[in-house]
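Undergrad: Residue numbers (my numbering): 131 to 330.
Glycine included, every Cβ here is placed at the ideal spot set by N, Cα and C.
Quick caveat, the model's predicted, so the values are computed rather than measured.
#1: In angstroms with no decimal places, state the Cα-to-Cα distance between residue 196 and residue 208.
#2: Give a yes or no on contact between the segment 263-272 and the segment 134-144, applying the rule of three or more CB pairs nearer than 8 Å.
#3: Exposed or buried, what is residue 292 when buried is set at 16 or more other beta-carbons lying within 10 Å of its beta-carbon?
#4: So, using beta-carbon positions, are residue 285 and residue 216 closer together than 8 Å?
#5: Roughly how many angstroms separate the alpha carbons of residue 328 and residue 283, rounded to a whole number?
#6: Touching or not, the segment 198-212 and the segment 160-170, by the rule of three or more beta carbon pairs under 8 Å?
#7: First and last residue of the alpha helix (DSSP H) that includes residue 251?
#8: Do you know how far the Cα of residue 221 is from the Cα of residue 183?
#9: Alpha carbon to alpha carbon, how far is residue 256 from residue 144?
#10: What's the C-alpha gap between residue 320 and residue 270?
#11: If I'm right that residue 219 touches residue 301 with Cβ under 8 Å, what's the distance once you round it to whole angstroms?
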């Protein structure tokens with residue numbers, strides 16, 4: 131059982147893994163859904179390529195947002211917006227016939243929020259390490275390992291979901307994972323904003 135002092139570490143890594151799995155699963159589900167809708171491999175590749183552009187633009191702004199609005203707040207808001215963006219796929223499919231333009235818009239929207247969430251979680255490492263009495267280098271290694279595990283597991287989860295419930299419905303699990311990631315960061319409390327000096 132985790133002690134209260136180590137709880138922020140567990141919450142940070144739970145958020146890290148959940149967001150990683152959700153993002154990696156979505157990266158499989160989006161081109162698969164585009165292929166189903168358009169029957170065009172080139173369209174699927176186009177959507178993936180276009181969706182990568184917002185991340186390049188948003189990444190430089192992520193640090194500024196973390197500095198001005200706080201690590202925890204940026205992480206929570208980014209994950210909640212990511213949740214809404216992936217829910218847009220099944221919701222749009224239930225209301226109208228999906229076209230390439232709608233799929234591109236939803237993919238681009240979701241990609242905008244990822245850099246801010248990832249940056250905010252990494253920026254929280256020193257404060258969480260200090261609150262838990264763990265060296266920041268050690269926690270950074272754990273954080274990167276958990277992130278890699280999430281990205282490895284995500285495509286497996288995505289393909290299993292597509293096989294089980296179809297490409298459109300497969301977005302609901304990433305929706306839940308992003309909400310869970312936001313909740314974990316919200317529960318960390320002030321540890322996410324604390325300065326990075328490790329206590330004895």
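TA: Let me spell this out:
#1: In this structure, the alpha-carbon of residue 196 lies about 11 Å from that of residue 208.
#2: yes
#3: So residue 292 counts as buried.
#4: no
#5: Because the pLDDT at residue 328 is just 37, under 50, the model does not fix this residue reliably, and the value given afterwards should be weighed accordingly. Cα to Cα, residue 328 sits roughly 32 Å from residue 283.
#6: no
#7: Where residue 251 is concerned, the enclosing alpha helix (DSSP H) stretches over 230-253.
#8: Roughly 24 Å between the two C-alpha positions.
#9: 17 Å
#10: Rounded to whole angstroms, residue 320 to residue 270 spans 19 Å at the Cα level.
#11: 5 Å
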